[in-house]
Structure formats: C-alpha cells, structure tokens
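Data block below; observations after.
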Amino acid sequence: MAYDKVYADWKADPEAFWMNAAQQIDWTVPPTRALDATNAPLYEWFSDGMTNTCWNAVDRHVEAGRGAQLAIIHDSPVTRTKHAITYAELRNRVASLAGALRAKGVEKGDRVLIYMPMVPEALEAMLACSRLGAVHSVVFGGFAANELAVRIDDCKPKAIIAASCGVEPSRVIHYKPLLDGAIEMANHKPDFCVIFQREQEVAKLIEGRDVNWHGFQYGVEPAECVPVPGNHPAYILYTSGTTGAPKGVVRHTGGQLVALNWTMKNIYDVEAGDVFWAASDVGWVVGHSYICYGPLIAGCTTVVFEGKPVGTPDAGTFWRVIQEHKVKSFFTAPTALRAIKRDDPQGKLVADYNLSSLKALFLAGERADPDTIKWAQAALNIPVIDHWWQTETGWAIAANPLGIEALPVKIGSPSVPMPGYDVQVLDEGGHPAPAGTLGAITVKLPLPPGTLPTLWNAEDRFRKAYLTTYPGYYETGDAGYIDEDGYLYIMARTDDVINVAGHRLSTGAMEEVLAGHPDVAECAVVGIADALKGQSPLGLLCLNSGSNRNEAEVIAECIKLMRNSIGPVADFKRAVVVNRLPKTRSGKILRATIVKIADNEPFKIPATIEDPQVLEEIRKILTESGVSPR
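Numbering of the sequence shown is given in full-length UniProt numbering, commencing with residue 1 and proceeding in unit increments.
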C-alpha cells in the first residue's frame, strides 16, 4: 500500500486506524476505543485497555518460541568487551531484578530513577520497572549532582538504580559521588539505592541505604508482569525547559506500545529477528524509543553501544559494529556523521568493512545539513533518511516510511508527515502559511498515540508551553515550511529565526550554505545584536581535520558564498574559525548560549553540555576577533 493511501486512511478514520494498529499488541483487557477525548485538549489513548510493556517487549517473544534469539548485543570499545543476551536470558534477568525491587517495596505507580551508562543493565532496569508497573525516569549517566537533585525532587523516586561509574575513551566518570551529592542536596530521599558495580570502579556503599545489584537479587521470587491501564505512565523523561527548570515529559503505556510497534516496520522497515542499532544513549528519548522499547517490542535484536563515533579507536568504529553484528537499519545523529566526516573527509574507512547487511541510515536529533547527507550517500550507497521528531513526541512526526513506500528523497527535508500527525505551518497570526513560506510548525490536535499527554505534575506548564500560542494546535517550537509536494522542511528552532533589518531569515538556510564549503566540516550561525539592523548573523566554522587552508581565506570565501546564495539581505559579514562547537550530549548545538557570549551577556552553563570548556574557548576567540565587546 502506498504512503498516500495509508495517510489518507488514517485521516479518514483515525479511530479505526489506531484500533487496527493496537491488534499487534498483547492486551490483558483489549481497549474498546483508541482515543479518549474526555479531558480535551489533554487527550489519552487506549485508556480502558490493560497491558504490560515488559510482556510485550520480552515475554511474548519467549512464549512465541524465540527465546534463543538475541535480544541485546552490548558492544563496548571503551571497555574492550562484547556480550549478547537472548530473549530467554533477558526475561529471567528482568524478572529477577523486578522481584528484588518488589521485595524492597516497589509497586505499581512508584517512581524509580535510573542513572546508568550504556550497559545492558540499564535496559534491564527500565524493563524491570515496566514489569512492575513502576514509572521509571532515566537520567543521563554522569549528569551533575545539582541537576540530578532537581529531578529527584520532581519525580520523588522510591528507589534509585545507578552504576558505580561510566567509562569514556580517556577517563572513568565516578557516578557514585555524584549520586551521593545529589541525594544530599535533594529534599526528597529515596528508600534505597541499587548500585551496579562495574569492574572499572567498585563504589563504596552506604550502609542501610545502598544495596548491591547482584547481592539483593539472591533468593528472591521472580516477578510476573503486572497489567496496567493504557493511560498508566510508563516513564518520565526530563528535557531542558526554556525557564531553566526541567520539563518531565510523560509517556503513557498503551500509546507507546502501539506507536513504537507501528514505526518499526512502517518507518524503519525491520521485523522480528532483524538487527536494529540506534547509536544514542538511554538518557535521551532515542534511547527509550529505539534502543530499549521499539526494537524489543518488534522482536528485533538491539545494539547497545558504549563508545563514540570517533576515537574508539577511530572514525571506522560505526562501520565495524555494523559489519560484526549485521545491522540492517542504523539510526544516529547528524553530529556523529559530521565527526566521522571531519576525521575521514573522503569516507575511505568505509571500504575496510563489509556493510552488505545495512539497508538504510536514519538521521535525527538536529537538522541534517545537505552536505552531510550527500557525504553519507556517497560513502554508503544506501538510502540516507532524515526524519524529524522530539522528546515530546517519542517517535517521528515526519519521515520517509521505507516499510510502506520509499519516497523520493529531497535533501534538506525529513520528507512527509506520518499518520497521526496533521502538520500545519502557521504565520504569526495563527493562519496557515502558503506553500514555501517560513512559519511556525504545529500539529493539529489531537496528537497521536505515544506522544506526551502532559508534563509530570505540571499540567498548567504543559498547556502554556505547547497548547496556548495556537489554540487547537501543538506548538513544536520549530520553524520551517511545506513545499508544493507536501514535503516538510525544518529550518530552525523558532528562536533561531533571526530578524535582520525587518527580514526574517533562517539560520538553518545559512548553515546549509556554509556547510557546502569544501573546507568546512561543521558550522553554526547565530543572530547577534546589531545597533543598526536589530540582529546580524555570525558564523562559527569548524574546518576539516588536516585542512591547511588560511583561515582568513576560508572566511572570505564563505562570506562570498552567502552573498551569492542568499543575497545581500543576509548581511553576512562576520565569521570565525573555532576548533569545536558547544553541544549537548545528544549533539544539539547550544546556539542561545553562543549568542549570549557574543553579546557579552551573563549566561548559565547548560546542564546538558558535553564539555563546558568549549564555551571559554569560543568566548576567547570572539573577544580576540572583535566580535564580542571587551
């Protein structure tokens, strides 16, 4: 069936579409309806059904006779270890951990905070919570103590499950002191902490509070799956809010099961037995949807990778993993590809590996610039699919649905809206913008299953953040346009549309131009204060490794490129060369922070930043170049 027909079928009868999709999930009590609009605009899905996430992700595959199939492959170049876990082994390990948690008092509805690196035990902890109907909240391993404390106080966990340490290419990160510091700072105190001791560091346990991961499971009765209503929270995932206070995105059980299961075949074109790899972290939404839950619900083998795209040991590590584990569908962030491209501009390392298993590469997490997509297409010779979604939505708003129909790729576009998403581009007055016109990207309510129904203990904040600006629509916070063929283009965050002498310009469009320069590996464009024009664009350029070009020449060529491509209206006159860009751990460039540095305004170092030292490097470069006032 073609995409147009599938999308039209959803639009004609959303209730029937999603009830049909729900038949692929095991229910203790099947739902009688898909959408519950009783509390609109706070919508719920499959609320009168009863089910269990862990059953659908683990047990049912064992019951179907596929217990010997690999569920998880752990590949850790930083510890030089690899091991695999079958579905039968995973069921036993998860049931044992869930039984031990239950014996310590964890019940349906209790919160459990998980603070783990990229190890299979992180997935086991998530699944053990879902087995009991407990609500987990995964916090990125190594997160600062004060930020961890804020999350402890917000979700009030009965228990915390943590590892003793995380392992980076050049260092061991001590998790336990950060956890101890966070608990000390927090007003809420957990009943107990489960510590998974790693070989690289054995942490000191606090008597009466901390228990050893393995020790506390001895002699405990394994737990069975506890059925929960379809609208029972599966997890809380914190995302950074514009106010500085984190937003706890809630995910409901039934909607997540139905939506993620639908995406595995229809978007990623994988089925039971296929190997799927999302090179992300359990601390991010990609780790929830496409390292843990999505692949396991669909009966795939999921790869848990503990390493980096470069430096573990080189820019060929992704290709090695794909070759060794016969990955069929691979999902990563554009920033990872740019790091590989910077170290291996010609893509020569790809030739060292047999990638015949790989059928498609999916990109998400930030805007995929055309230059990176073209590089990957040339290097891999497979479909390179940009798709767009958010922590809030949990799965793709727009994608090229390879399992339905491989649509023509338009470079620079994440393709077309998925069933469930009625995407509209609105102008500042809230009216639909003509095709090709830049505006605010919104989704007409209701949002589909698997998306956020609200924020944890913050319904008013949910309404104000997402539902108030354009009544009847979900505000994505992204700006872009839809072309004549219905393809969506994400050009910038709404905040990154800059106003130069009255002209609304997309920083994303400018970054596309700069990324096209042969010596530019990566770039960012921000709007900085200008007394005459209100805002003026500033470019930050990272050059390819080994580039011996004169920096002033590259900058002059970039300024000329911008003038030729976008025109004098862009007023692009300033650019600097930097060694690296400030990013979050998930690869998003911290543009708002760069603006504050350039405008010499006070700024707070974001909790999600990968390396705070980068900000000082940029401040120094901008000051010395005369961009920032001294």
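Note that CB positions come from ideal geometry on N, CA and C, so glycine has one too.
If you reduce the DSSP assignment to three classes, tell me which class residue i lands in.
i    : result
V211 : strand
S130 : helix
E475 : strand
E522 : strand
Q424 : strand
K158 : coil
D611 : coil
S329 : strand
P417 : strand
S565 : helix
A186 : coil
R591 : helix
Y87  : helix
G248 : strand
W277 : strand
M510 : helix
K583 : strand
G181 : helix
P449 : coil
R463 : helix
L380 : helix
H174 : strand
R549 : coil
P370 : helix
K573 : coil
P229 : strand
E201 : strand
T391 : coil
K620 : helix
V443 : strand
P606 : coil
L257 : helix
A272 : coil
A470 : Correcting the residue identity first, residue 470 is Tyr in this sequence and not Ala. If DSSP states are grouped into helix, strand and coil, Y470 belongs with coil.
I291 : helix
A64  : helix
K560 : helix
A223 : coil
Could you name the residues that DSSP lists as bridge partners for residue i?
i           : result
residue 632 : Residue 632 lies beyond the residue range present for the chain, which begins at 1 and ends at 630; the question has no answer from this structure.
C542        : E522
D386        : L363
W262        : Note: W262 sits in no beta bridge, so no partner.
G75         : Residue identity differs from the one stated: residue 75 is Asp in this sequence, not Gly. For D75, which the question treats as bridged, DSSP gives the partners K82, F305.
C193        : I160, D210
G166        : I173
V237        : Note on identity: in this sequence residue 237 is Leu, with Val being the wrong assignment. DSSP lists V249 as partners of L237.
Y489        : Y481
L455        : V249
P432        : L426
L70         : T86
A398        : W388, P417
My guess is that residue i and residue j are in contact by the Cβ rule of under 8 Å, so how many angstroms apart are they, rounded?
i           : j    : result
F305        : D460 : Not confirmed; about 39 Å, so no contact.
K125        : I152 : In the sequence on display, residue 125 carries Ala and not Lys. Not a contact, Cβ separation roughly 16 Å.
D59         : C292 : Actually they do not touch by this definition, with Cβ atoms about 15 Å apart.
G230        : T253 : 6 Å
C54         : L127 : 5 Å
D369        : P334 : 7 Å
residue 719 : D571 : Residue coverage of the chain in this structure runs from 1 to 630, which leaves residue 719 outside it and unanswerable.
A162        : M116 : 7 Å
A223        : R80  : The pair is not a contact, with the Cβ atoms about 34 Å apart (cut-off 8 Å).
L380        : V409 : Rounded, the Cβ-Cβ distance is 13 Å, inconsistent with contact.
S164        : Q197 : 5 Å
Y3          : E484 : About 17 Å; that fails the 8 Å criterion.
L551        : H517 : First, the amino acid is wrong: residue 551 is Glu here, not Leu. Actually they do not touch by this definition, with Cβ atoms about 12 Å apart.
Quiz prompt | Residue ranges of each alpha helix (DSSP H) within the UniProt domain "Acetyl-coenzyme A synthetase N-terminal" (3-57), 4 or longer | solution = With a minimum length of 4 residues, the continuous alpha helix (DSSP H) runs that stay inside the UniProt domain "Acetyl-coenzyme A synthetase N-terminal" (3-57) are 3-12, 14-22.
Exercise. Kindly confirm or deny that the segment 575-585 and the segment 502-511 touch, where touching means at least three C-beta pairs closer than 8 Å.
Key: Contact fails: fewer than three Cβ-Cβ distances are below 8 Å.
Quiz item: Going along the chain, which unbroken runs of the beta strand (DSSP E) with 3 or more residues stay wholly within the segment 297-354?
Solution: Counting only runs of 3 or more residues that sit fully inside the segment 297-354, the beta strand (DSSP E) segments are 301-305, 329-332, in chain order.
Quiz item: Which parts of the segment 103-149 are runs of the alpha helix (DSSP H), unbroken and 4 residues or longer, counting only runs that do not cross its ends?
Solution: Fully enclosed alpha helix (DSSP H) runs of 4 or longer: 120-132.
Quiz prompt | Three CB pairs or more closer than 8 Å across the segment 339-348 and the segment 391-406 | solution = No: the two stretches stay apart, fewer than three of their Cβ pairs being nearer than 8 Å.
Quiz item: Just checking, does the segment 373-386 make contact with the segment 596-605 on the three C-beta pairs under 8 Å criterion?
Solution: They do not touch, by the three-pair rule.
Quiz item: Are the segment 441-460 and the segment 522-538 touching by the rule of at least three beta carbon pairs closer than 8 Å?
Solution: Contact fails: fewer than three Cβ-Cβ distances are below 8 Å.
Practice problem: Spell out a yes or no on whether the segment 35-49 and the segment 64-83 are touching, meaning 3 or more CB-CB pairs, one atom from each, closer than 8 Å. | Solution: Below 8 Å, too few C-beta pairs join the segment 35-49 and the segment 64-83 to call them touching: fewer than three.
Self-check item: Stretch-stretch touch, CB-based, cutoff 8 Å, three pairs: the segment 193-213 with the segment 157-174
Solution: Yes, the segment 193-213 touches the segment 157-174.
Quiz item: Touch check for the segment 268-279 and the segment 398-417: three-plus C-beta pairs under 8 Å?
Solution: A contact between stretches requires three or more CB pairs, one per stretch, nearer than 8 Å, and the segment 268-279 meets this requirement with the segment 398-417.
Practice problem: May I ask you to verify whether the segment 23-35 touches the segment 85-101, counting CB pairs closer than 8 Å and requiring at least 3? | Solution: By the C-beta criterion, the segment 23-35 is judged not to be in contact with the segment 85-101, since fewer than 3 inter-stretch pairs fall below 8 Å.
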